[in-house]
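The next block holds one structure in the form of structure tokens; read it before the comments.
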Amino acid sequence: MSEAATDSPVLKAILERRSIRHFTEASVARGLVLEALKAASWAPSGLNNQPWRFGLIRDDDLKARLGGLTRYTNVIKSASVLVTFFLDKDSSYDHVKDCQAVGASIQNFLLAVHARGLGAVWIGEILKNKDEIQRLLELPDRLELMAVVAVGHPAHRSQTSHRRPVEELVLFEK
Ligand SMILES: Cc1cc2nc3c(=O)[nH]c(=O)nc-3n(C[C@H](O)[C@H](O)[C@H](O)COP(=O)(O)O)c2cc1C
């Protein structure tokens, strides 16, 4: 990434955001969650159908139950708030495109959380138990769980990640 590119706050946030899996006990203000959800809701969607829906979970008992449905138990339990992302099938027009749109909204959410100095991780592994979560949260069938995102104040920022060089990923340039 060139110097000019990292001068951009948007590109800087994209490059600097990391998945955060260790949180302090500090609570995340509701206003910051709603601000990040607003960013999520400004993701692009096919026909602008905005198929995403959100849920917020702070209840310790509920967090413990959800924690029992994933191997990321401690991440789920130690997060200040869990944000569930759903695809609303009643708003859907094309399943693949709608899943892509919800994914875009999750990325917007992660970047907004990062921009406020908070941390988050996208938990997809828990989807293996999505039917049980559907019952636990008493959700109507029209809501399809796409992800649970754990949000909190980062306990540290020492996590690293890597990406393959872009040159390896560009398959052709005709
Ligand atoms: C669809 C999807 C599912 C993921 N599921 C999990 C998960 O279940 N548990 C977890 O700790 N991280 C999960 N992650 C986060 C990835 O592990 C992480 O984004 C990747 O290792 C790159 O690290 P970074 O986000 O710090 O750049 C998921 C990410 C995506 C996009």
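The numbering of the sequence shown is our numbering, which starts it at 101 and goes up by one. Built from N, CA and C at the ideal position, the CB exists for glycine as well.
Inset, instruction - Tell me whether the beta-carbon of V175 lies closer than 7 angstroms to the beta-carbon of V133. - result: no
Inset, instruction - Grab the span of the beta strand (DSSP E) containing W157 for me, first residue to last. - result: The sequence given here places Ile at residue 157; Trp does not occur at that position. W152 to I157 is the extent of the beta strand (DSSP E) around I157.
Legend entry - 6 angstroms CB neighbourhood of S178 in its chain, flanking five on each side removed: F123
Legend entry - DSSP state of M101 mapped onto helix, strand, coil: Annotation note: pLDDT 47 at M101 (below 50); position unreliable, no value reported.
Inset, instruction - Compute every distance between the C-beta of W152 and the non-hydrogen atoms of ligand 1, then say whether any falls below 6 angstroms. - result: Relative to ligand 1, the beta carbon of W152 is positioned no closer than 6 angstroms to any heavy atom.
Inset, instruction - Express the C-alpha separation of L115 and S102 in angstroms, rounding to a whole number. - result: Confidence is the limiting factor: at S102 the pLDDT is only 43, short of 50, which leaves the residue's position unreliable, though a coordinate-based value still follows. Distance between the alpha carbons of S102 and L115: 12 angstroms.
Legend entry - Cβ separation of V249 and I206, assumed to be a contact under 8 angstroms, to the nearest whole Å: 7 angstroms
Legend entry - Where E244 sits in the DSSP three-state scheme: strand
Inset, instruction - Can you tell me which of the three DSSP states G131 falls into? - result: helix
Inset, instruction - Pull up the distance between the alpha-carbon of A104 and that of K230, whole angstroms please. - result: Low confidence applies here, because A104 scores a pLDDT of 44, under 50, leaving its location unreliable; read the following figure in that light. Using only the alpha carbons, I get a separation of about 43 angstroms.
Inset, instruction - Can you have a look at E244 and say buried or exposed, based on whether 16 or more other CB atoms are within 10 angstroms of its CB? - result: buried
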